[in-house]
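Single-structure report; data block below.
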Amino acid sequence: TPDGRIVYTRRSRGTSKIWIMNADGTGQSQLTVDDYSNISPWVPLDGRFVVYSSSRTGNHCIWRMDIDGSNPEQLTNENAATPDISPDGKWIVYSASESGKRTLWRVSIDGGDSVPLTDYYARDPQVSPDGKQLAFVFMDEGVTPKRLRNAITPFDGGPPAEDFDLAPRRVGWAADGRALTYQVGSKGVAN
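Everything in the sequence shown is counted per our numbering, starting at 74 for the first residue and increasing by one.
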């Protein structure tokens with residue numbers, strides 16, 4: 074959060090809850106109290122909300138709550154996951170599954186209609202620090218066998234502008250937006 078607190082997921086008794094704590098581990102407070110899976114919390118730069126994925130409607134959908142856990146509001150109806158927030162705090166980008174195909178979408182942090190960003194298999198979006206690009210995982214169907222790769226596209230979506238053979242999992246942006254960070258696993262250890 075802007076004031077240095079940490080929002081995180083804690084798994085207990087078969088469900089995941091969202092918590093907040095001070096950076097030194099003190100002041101732990103549970104934000105979601107229902108018996109559903111609440112995962113992938115993100116906080117916009119202004120610190121007003123926590124955006125997350127929750128299964129409380131039967132499918133995982135994107136929800137928003139105030140930073141203190143009050144006023145939860147469902148923002149999507151699709152089976153949605155892995156939200157990220159634009160640097161200006163106006164947009165939530167997420168992956169959703171319809172008809173067995175996972176694609177990228179965008180919805181206003183205030184709610185409303187979702188806008189599709191890709192028409193091909195894509196997941197795990199990350200908005201660049203300047204808000205102009207998305208990094209994500211996509212299915213490269215132009216090779217045999219098909220394989221997962223990482224890509225970058227403009228924030229408004231479309232086909233991959235660039236693609237990479239990294240690890241087929243969520244990547245991060247360097248603070249200056251000029252590089253991607255990613256995790257590679259080997260012999261049971263991820264770095």
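Every residue, glycine too, gets a C-beta built ideally from N, C-alpha and C.
- In the structure shown, Gly245 falls within a strand segment according to DSSP collapsed to helix, strand and coil.
- Sixteen is the threshold: when 16 or more other Cβ atoms of the shown chains lie within 10 Å of the Cβ of Ala153, as they do, the residue is buried.
- Between Ile140 and Gly120 a beta carbon distance of about 6 Å is seen, short of the 8 Å cut, so the two are scored as contacting.
- For Asn144, the CB contacts under 8 Å within the same chain, skipping 5 residues up- and downstream, are Met138 in chain order.
- Here DSSP, grouped into helix, strand and coil, assigns Lys90 to strand.
- Sixteen is the threshold: when 16 or more other Cβ atoms of the shown chains lie within 10 Å of the Cβ of Val210, as they do, the residue is buried.
- Sequence-distant partners of Val80 (beyond 5 residues in either direction) whose C-beta falls short of 6 Å from its own C-beta, in its chain, are Ile93, Pro114, Val116 and Val123.
- Between the segment 186-201 and the segment 231-249 there are three or more C-beta pairs closer than 8 Å, enough to call the two in contact.
- In the displayed model, Pro227 falls within a strand according to three-state DSSP.
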